[in-house]
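Chemist: Input: one structure, supplied below.
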Amino acid sequence: MAEYQAPMAEKLRKSVGNVTYYIMHGKTFARAKVAHVKNAKTPKQLRHRATFTMLVQLARVLIETTRTGFPEKAKGRSSSNEFMRANKNFVEVDENYEATIDLEKLQVSGGKLPCFFEVTVTYNADGRMLTFQQETQSNSLLNSDPKDLLYASILETKTNLSGIVSLRARGESGVTSIELPEIWTVENCNVYLFATSENGYLASPSQHVKITTA
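Take 20 as the starting number for the sequence shown in our numbering and just add one per residue.
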């Protein structure tokens, strides 16, 4: 079952707040610029603000995913806090205090479970179907539990919407298919796989996967 979430209700184009997306060398990047920082006096403060402006906006878009993907939270911290902590080192800030992150490096989950998934993702334009083909994983080499549950998170960068799709347990094989919303285009979709324990208390880091076209 897929759940599609629009955390921000404003009319959005290619940005969430002041975060914009662009493609370079076949990769998609998110960029944010700090327009004004009250009482900021040092470059370090401006770099810090640019980094967290970027991550706060992405956390809002991915809130449904991060609630599942970051179950292990320090006392007093939210899943969004954990998302920002997991991704702060992937953000680069230039001399104009524009923050950039390669979306292939983005972590939508975090934890100590194995981050290895035998899942291929295929798009078929007939019916606008996105299909996840999952193979059984052996736990003997991965030190993983076959009951771990797999998820796919989808970030669509034109509409700035995200979705989370429940797949199968690690020890199962099979196909899960969803129909993309009409307002989404597959070229703007970024897919991330991750796992949680059966009880949802533990999670793995996430893995960005390519979509192939049937």
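Each residue gets a CB set at the ideal place from its N, CA and C atoms; glycine is no exception.
The structure displayed is predicted, hence computed values, not measured ones.
Taking three-plus beta-carbon pairs below 8 Å as touching, is the stretch 105 to 115 in contact with the stretch 193 to 203?
Modeler: No contact exists between the stretch 105 to 115 and the stretch 193 to 203.
Chemist: By the three-class DSSP mapping on this structure, what secondary structure does L74 have?
Modeler: Helix.
Chemist: Check the C-beta distance from A78 over to F102 and give it rounded, since I have them as a contact under 8 Å.
Modeler: 5 Å
Chemist: May I ask which residues mark the beginning and end of the beta strand (DSSP E) holding G182?
Modeler: L180 to A188
Chemist: Is there at least one Cβ from chain B nearer than 8 Å to D121's Cβ?
Modeler: Protein chains in the displayed structure number just one, and chain B is not present.
Chemist: If the criterion is Cβ atoms closer than 8 Å, does the pair S223 and P165 meet it?
Modeler: no
Chemist: Could you check whether N209 and K177 sit closer than 8 Å to each other, using their CB atoms as the reference points?
Modeler: no
Chemist: Spatial neighbours of Q156 within its chain, please: C-beta separation below 8 Å, excluding the five flanking residues on both sides.
Modeler: Within the same chain, Q156 has close Cβ partners F135, F136, E137, S163, P165, R189 and G190.
Chemist: State the Cα-Cα distance for the pair T70 and T231, rounded to the nearest angstrom.
Modeler: 32 Å
Chemist: Using a Cβ-Cβ cutoff of less than 8 Å, which residues in the same chain neighbour M148 once the five nearest sequence positions on both sides are dropped?
Modeler: Y142, S196, I197, E198 and L199
Chemist: Going by the CB atoms, is the gap between S181 and S172 shorter than 8 Å?
Modeler: yes
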